[in-house]
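Read top to bottom, the protein sequences are chains A and B.
Note that this note's numbering has the first sequence beginning at 3, numbered continuously upward.
Note that this note's numbering has the second sequence beginning at 4, numbered continuously upward.
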Amino acid sequence: MKTFISHNKEETIALGERIGGAAPSGAVVAFRGGLGMGKTTLSKGIALGLGIVEEISSPTYTIISEYPGRLLLRHIDAYRLRGDEDFEEIGGSELLGVPGTLCLIEWSEKLRDSIDKEAAVIEIDMSPTGDRRISLNGAWLEALIP
Amino acid sequence: MLVLGIESSCDECSAAVVEDGKRIHSNIIATQIPLHEQYQGVVPEIASRAHVRWIEQIARQALTVAGTEPGALDGIAATAQPGLIGSLAVGLSFAKAMAFALKIPFKGVNHMLAHLYAPQLTLPVEYPFLGLLVSGGHSIICKAMDFDTIEILGTTIDDAVGEAFDKVATHYGFGYPGGKAIDDLAEKGDPDAFRFSPPSLHKGEHRYDLSYSGLKTAVIHHLDNFKRPGAKSSPENIAASFRKAAIDLLLAKLLKASADMGINRIVAGGGVAANAYLRRSLAAKSQLDVRFPPLELCGDNGAMVAGIAYHYFMRGESDSLDLAPKSRIPSYKRSLEAQKKHD
């Protein structure tokens with residue numbers, strides 16, 4: 003595991019851009035961290051790194067939003083799902099790990115069984131000053147941090 | 004011309020019979036909110052399953068209340084985009100099958116355009132006007148040139164306004180749906196107990212844009228930083244201060260667009276258009292001509308679908324039966340590179 007401390011939104015977006023630039027085809031990234039931690043902000047940066055020109059907004063309502071880029075970005079949000087069973091029923095697990103895609107999953111804590119144990123994990127928590135501690139787990143992610 | 008309109012893009016399963024785009028003969032709305040309440044949100048699969056269960060009886064009821072036989076219908080319309088894909092598919096398939104069986108035209112309509120049309124079910128509205136579409140899934144400020152032509156001026160760059168209401172309400176246990184729960188609590192609270200700062204969205208392409216993730220984070224994680232000395236952290240005060248900050252941003256952007264474009268006619272729609280503070284604040288602006296649909300037409304309903312479809316049918320426009328539902332409309336593309344330079 004490698005850790006990155008972000009002091010502001012811009013640093014979070016810049017880290018995201020590097021992640022988007024490095025993501026291998028078919029990668030799955032599971033986000034962990036509660037409301038208002040900056041998961042959507044980091045996703046915006048990742049989209050930029052994939053060369054996506056469209057604005058990334060919260061997928062809470064649509065559950066799954068797709069954006070074409072160097073890889074097809076599948077931005078998934080399990081906030082309103084009860085768990086793996088709901089995800090399975092909407093055909094969610096078939097979308098994960100497909101070559102040519104990068105899947106980002108917000109509220110992945112709810113989908114323990116659907117997500118491959120080998121998937122990369124990004125956990126975000128916040129210090130009392132508002133800094134975000136972004137922990138990266140997974141070989142290709144960790145390689146980004148010296 | 005009698006049109007049956009079907010709406011199933013999210014929570015509501017609705018069917019309506021509307022004559023000539025304005026006379027509502029029936030508008031039956033079944034809501035799935037009690038079903039979703041325990042999960043604090045719309046669960047798409049539950050939503051589409053419930054739509055399958057209800058749609059036929061809702062459509063029958065719409066015809067019965069209207070006193071209309073299916074054979075008297077001149078066209079059938081359904082919401083085709085945007086929304087939850089499984090839910091959209093149910094209403095769309097039902098409408099297509101019925102139109103095929105009755106050998107009458109079918110039209111798939113855009114949910115946003117239908118919301119903007121809703122006030123015209125009660126009173127004519129002249130174009131152009133500024134549209135404010137605000138709900139759990141959408142936050143859009145647009146310029147409407149005609150019933151089928153809009154230009155998006157601003158949208159949320161992160162969370163939808165209704166989503167922020169829902170997430171704050173869930174976090175503090177205020178109830179579901181969050182918009183109504185916060186609105187009710189806020190009426191009894193002090194809107195200045197907490198002073199949340201507005202997002203900095205003044206530059207470049209963000210002129211009319213909205214952002215709610217910063218406010219959501221402030222309300223949920225940093226409440227004490229914004230508390231006025233001596234104020235009480237009561238649910239009423241949190242709700243009132245949050246509501247004020249969330250709605251004031253909408254008002255500021257809308258007024259800016261109105262001044263810039265020289266358009267003072269405003270049409271509001273979507274679930275958040277039912278917000279009491281928003282309605283009061285807009286009504287108090289004497290320079291604006293503000294049209295709110297009646298409360299029952301603010302949320303999702305079949306009447307707005309049947310209403311707008313009439314105008315397509317009058318032009319001779321219909322859709323073929325292979326029209327597919329779409330969950331999202333990528334209507335607001337722009338260069339993020341350009342945006343970064345501005346910021």
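Using N, Cα and C, we set each Cβ at its ideal position, and we do this for glycine too.
These numbers come from a predicted model, not from an experiment.
When the Cα atoms are used, what is the spatial distance from residue i to residue j?
i	j	result
Lys336 of chain B	Pro70 of chain A	Residue confidence for Lys336 of chain B is low, a pLDDT of 37 falling below 50, so the modelled location carries little weight and cannot support an answer.
Leu156 of chain B	Ser96 of chain B	33 angstroms
Glu166 of chain B	Ser60 of chain A	9 angstroms
Asp79 of chain A	Thr71 of chain B	43 angstroms
Gln64 of chain B	Trp57 of chain B	11 angstroms
Asp86 of chain A	Pro131 of chain B	47 angstroms
Gly51 of chain A	Tyr313 of chain B	45 angstroms
Ala279 of chain B	Ala242 of chain B	13 angstroms
Leu91 of chain B	Leu116 of chain B	16 angstroms
Ala327 of chain B	Gly310 of chain B	21 angstroms
Arg318 of chain B	Asp118 of chain A	52 angstroms
Val6 of chain B	Glu320 of chain B	14 angstroms
Val30 of chain A	Val123 of chain A	8 angstroms
Leu254 of chain B	Leu281 of chain B	8 angstroms
Ser27 of chain A	Pro101 of chain A	5 angstroms
Ala306 of chain B	Val112 of chain B	12 angstroms
Ala121 of chain A	Trp109 of chain A	14 angstroms
Leu226 of chain B	Gly47 of chain A	27 angstroms
Arg72 of chain A	Ala145 of chain A	20 angstroms
Met264 of chain B	Gly134 of chain B	13 angstroms
Phe103 of chain B	Tyr120 of chain B	26 angstroms
Val68 of chain B	Ser29 of chain B	6 angstroms
For residue i, which residues in the same chain have their Cβ closer than 6 angstroms to its Cβ, ignoring the five residues on either side in sequence?
i	result
Leu285 of chain B	Val293
Thr64 of chain A	none
Ile61 of chain B	Cys16, Ala18, Ile31 and Ala33
Arg331 of chain B	Pro85
Leu298 of chain B	Ala277
Pro201 of chain B	Leu252
Arg76 of chain A	Glu68, Leu97, Thr103 and Cys105
Ser51 of chain B	Gly89, Ser90 and Val93
His9 of chain A	Asp133
Select from the options the residue whose C-alpha is nearest the C-alpha of residue i.
i	options	result
Ser138 of chain B	B:Ala147, B:Pro131 and B:Thr159	B:Thr159
Thr43 of chain A	A:Gly93, A:Ile15, A:Asn139 and A:Gly36	A:Ile15
Val55 of chain B	B:Cys13, B:Asp77, B:Asp186 and B:Gly78	B:Cys13
Ser142 of chain B	B:Phe150, B:Gln123 and B:His118	B:His118
Gly140 of chain B	B:Leu87, B:Ala104 and B:Ile107	B:Leu87
Glu59 of chain B	B:His28, B:Phe109, B:Gly272 and B:Gly8	B:Gly8
Ala32 of chain A	A:Glu111, A:Leu146 and A:Asp127	A:Glu111
Pro194 of chain B	B:Arg231, B:Asp162, B:Tyr315 and B:Lys170	B:Arg231
Phe89 of chain A	A:Val100, A:Ile66 and A:Glu144	A:Ile66
Asp23 of chain B	B:Lys170, B:His224, B:Asp77 and B:Lys106	B:Asp77
Cys145 of chain B	B:Gly272, B:Lys329 and B:Ser11	B:Gly272
Ser11 of chain B	B:Gly302, B:Leu133, B:Leu204 and B:Asp151	B:Gly302
Ala80 of chain B	B:Lys99, B:Lys259, B:Thr173 and B:Gly182	B:Lys99
Lys11 of chain A	B:Lys329, B:Lys288 and B:Ser203	B:Ser203
Asn228 of chain B	A:Ala141, A:Leu113, A:Glu56 and A:Thr131	A:Thr131
Mind checking who residue i pairs with in its DSSP beta bridge?
i	result
Gln84 of chain B	B:Asn113
Thr158 of chain B	B:Ile143
Thr5 of chain A	A:Ser137
Gly134 of chain B	B:Cys145 and B:Val270
Lys230 of chain B	B:Phe197
Thr103 of chain A	A:Leu74
Gly8 of chain B	B:Ala19 and B:Ala80
For residue i, which residues in the same chain have their Cβ closer than 7 angstroms to its Cβ, ignoring the five residues on either side in sequence?
i	result
Gln290 of chain B	Asn267
Gly23 of chain A	Gly51
Gly40 of chain A	Thr14, Ile126 and Arg134
Ser95 of chain A	Phe89 and Ser116
Gly274 of chain B	Ser138, Gly139, Gly165, Gly182, Cys301 and Gly302
Give me, in chain order, the residues of the same chain whose beta-carbon lies closer than 8 angstroms to that of residue i; leave out the 5 immediate sequence neighbours on both sides.
i	result
Pro238 of chain B	Tyr175, Phe177, Leu188 and Gly192
Asp149 of chain B	Tyr130
Ala249 of chain B	Val164, Ala167, Phe168, Tyr215 and Leu218
Ser334 of chain B	Residue placement at Ser334 of chain B is poorly supported in this model, since its pLDDT is 46, which falls under 50; the coordinates still yield a value, given next. For Ser334 of chain B, where only same-chain residues beyond five positions count, the Cβ hits under 8 angstroms are Ile155.
Glu19 of chain A	Gly47, Ile48, Leu50 and Gly51
Quick one: which chain A residues come within Cβ less than 7 angstroms of residue i?
i	result
Thr34 of chain B	Ordered by position in chain A, no residue passes the 7 angstroms Cβ test against Thr34 of chain B, which lies about 16 angstroms from the chain.
Glu15 of chain B	Going along chain A, no residue has its Cβ under 7 angstroms from Glu15 of chain B, so there is no contact; the nearest lies around 14 angstroms.
Thr220 of chain B	Gly38
Under 8 angstroms Cβ-Cβ, which residues of chain A neighbour residue i?
i	result
Asp162 of chain B	Thr42, Ser59, Ser60 and Thr62
Gly89 of chain B	Ile92
Glu166 of chain B	Ser60, Thr62 and Tyr63
His174 of chain B	Leu37
At 9 angstroms on the CB atoms, spell out the chain B contacts of residue i, in chain order.
i	result
Ser8 of chain A	Under the 9 angstroms cutoff, chain B gives no residues; its nearest Cβ is about 14 angstroms from Ser8 of chain A.
Ser110 of chain A	The contacting residues do not exist; Ser110 of chain A stays about 17 angstroms from chain B at best.
I want to verify the contact list: residues of chain A whose CB lies under 9 angstroms from the CB of residue i, in sequence order.
i	result
Lys256 of chain B	Under the 9 angstroms cutoff, chain A gives no residues; its nearest Cβ is about 16 angstroms from Lys256 of chain B.
Ile223 of chain B	Gly36, Leu37 and Gly38
Lys170 of chain B	Leu37, Gly38, Thr62 and Tyr81
List, in chain order, every chain B residue whose beta-carbon is nearer than 7 angstroms to that of residue i.
i	result
Ser67 of chain A	Arg331
For the ligand SAH, is there any heavy atom lying closer than 7 angstroms to the beta carbon of residue i?
i	result
Thr43 of chain A	Absence of the ligand SAH is noted for the structure shown, with no ligands found whatsoever.
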